[in-house]
Amino acid sequence: MAMLNRVHLNGLRAVETVARLRSLAAAAGELNVSVSAVSQQISRTEKQLGQALFERTASGLVPTEFGAVFATRLGAGFRELAQAVALADEATQCTLVVSVAPAFASKWLLPRLSRHFDRHPNVLLRIDASVRLANLDHSDIDISIRLGDGKWPGGRAELLLAQEVFPVCAPAIAQKLKSIEDLAQTCAITDERAMINWESWFETAGVPPVTFLKGARFTDPMLCLESAIAGHGVMLGWQLLAADALADGRLVAPFGIRAQSGLGYWLVTSSVKAESRKVRDFKLWIREEIEATMARFGSVNAEPAGAIAVERTEAPSYVESDIKLRQAGS
0 MAMLNRVHLN GLRAVETVAR LRSLAAAAGE LNVSVSAVSQ QISRTEKQLG
50 QALFERTASG LVPTEFGAVF ATRLGAGFRE LAQAVALADE ATQCTLVVSV
100 APAFASKWLL PRLSRHFDRH PNVLLRIDAS VRLANLDHSD IDISIRLGDG
150 KWPGGRAELL LAQEVFPVCA PAIAQKLKSI EDLAQTCAIT DERAMINWES
200 WFETAGVPPV TFLKGARFTD PMLCLESAIA GHGVMLGWQL LAADALADGR
250 LVAPFGIRAQ SGLGYWLVTS SVKAESRKVR DFKLWIREEI EATMARFGSV
300 NAEPAGAIAV ERTEAPSYVE SDIKLRQAGS
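So the sequence shown is numbered by numbering that gives the first Met the number 0: it starts at 0 and just counts up by one.
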């Protein structure tokens, strides 16, 4: 390291830039100095090293054999320096922008955010509650949480949780359900924009579909959930939407049967941007929260109160290549 004291850093930058760009003028533009200043820095550096780095030709400066090797090593070193400086930038750019659908944000994410605040007090979270599939390469969004098949052009997707669906209702309604056939005496609460349907659940349960009484219809899963909690009927729910209401007894899953929907929640990031520390930390945190939720969810639903014994068929496996359903931001 002591040898570096005899060589000026600006001169080393000039050598690396000229060797990389093959032009004094281009190097001067990148370094924001004059062409003569770049030329003088190179000459000074050659004297300090006691080695010729460039040959002066009619077409410009051409690296010598030593100069080419020297410049390659400098390039690697400056890249390391740039990454080191980027760490400082990253520490100051402490806002994490998470794009997530309103239902996911309201019913699952928000009640758990205090634990992220406690673990990463220097990170400010901004939640973009939207079903819009933003272009992650050209926006300030750091990471999205999306429901679908994991195939979003230009995005890097990691499966967070495969979605399972099952009936949920208020305890008072569950007491009246002695068999799956009794669903015909209840109202179905319907999300008109849902990507899931009852047929897959009846198939998993191994029983013919029933015809529900006409019930309330909504265009938002949060309203469906609140309607179910209010005792208006039965809805087809899923883990993260219904987990907290099941855990505190506002809802019951009366049959203890869950069917794979063929969809999943995915963490989606840009395929071209480097992944920052704050994104990696968020991924680790949310996976831990999902694991804790599912452990609690499994405990609550292991032997649901009043569960009806039904012979089940095997649920279809979650195979990504077989998913043909459209994507959505629910």
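Just so you know, even glycine gets a beta-carbon here, dropped at the ideal spot from N, CA and C.
Here the segment 90-106 lies against the segment 125-137, with 3 or more beta-carbon pairs under 8 angstroms apart. LEU11 is not bridged by DSSP to any residue.
Using a Cβ distance threshold of 8 angstroms, ARG145 and SER270 do not count as a contacting pair. Taking C-beta atoms under 8 angstroms as the contact rule, LEU11 and THR44 qualify, at a distance of about 6 angstroms. In chain order, LEU11, VAL14, GLU15 place their CB closer than 7 angstroms to the CB of LEU73, counting only its own chain and leaving out the 5 sequence neighbours on each side. Within the same chain, Cβ atoms closer than 8 angstroms to the Cβ of VAL209 are found at ILE179, GLU180, LEU182, ALA183, PHE201, the five residues on either side in sequence being excluded. Here THR268 is buried: its Cβ has 16 or more other Cβ atoms, across all protein chains shown, within 10 Å. Under the three-pair Cβ rule at 8 angstroms, the segment 285-297 does not count as touching the segment 184-191. Runs of the alpha helix (DSSP H) lying entirely within the segment 73-140 and spanning at least 4 residues, in chain order: 112-118. Exposed is the label assigned to THR218, since fewer than 16 other Cβ atoms lie within 10 Å of its Cβ. Under the DSSP assignment, ASP190 falls outside any alpha helix (DSSP H), being part of the beta strand (DSSP E) whose first and last residues are 187-190. Only residues of its own chain outside the window of five on either side were considered, and among them GLN47 have a CB closer than 6 angstroms to the CB of ARG5, listed in chain order. In this structure ASN121 is in contact with CYS93, their Cβ atoms being roughly 5 angstroms apart against a cut-off of 8 angstroms. For GLY214, the closest C-alpha among the options GLU287, VAL233, PRO220 is that of VAL233. Rounded to the nearest angstrom, the gap between the Cα atoms of LEU235 and HIS137 is 36 angstroms. One alpha carbon belongs to ASN196, the other to VAL96, and they sit about 32 angstroms apart. Taking C-beta separations shorter than 8 angstroms and ignoring five residues to either side along the sequence, the partners of GLY59 in its chain run ARG21, SER22, LEU23, following chain order.
When rounded, the separation of the alpha-carbon atoms in SER260 and GLN162 is 6 angstroms. About 5 angstroms separates the Cβ atoms of LEU250 and VAL167, confirming a contact at the 8 angstroms cut-off. Taking each of LEU160, ALA204, LYS272, ALA227 in turn and checking the Cα distance to ALA291, the smallest one comes out for LEU160.
When beta bridges are read from the DSSP output, MET234 appears opposite VAL167, ILE188.
Within the model, the alpha-carbon separation for LEU123 versus VAL99 is close to 16 angstroms.
Bridge pairing for GLY154: SER269 [DSSP].
Considering only ALA173, LYS272, GLU274, the residue with the shortest C-alpha distance to PRO253 is ALA173. Cα atoms of HIS7 and GLY28: separation of roughly 20 angstroms, rounded to the nearest angstrom. Collapsing the DSSP output to three states places GLN259 in a strand. The closest CA to that of ALA258, considering only MET194, ALA83, VAL164, is found on VAL164.
For THR56, the enclosing beta strand (DSSP E) stretches over residues 53-56.
The Cβ atoms of ARG111 and GLU288 sit closer than 8 angstroms to each other.
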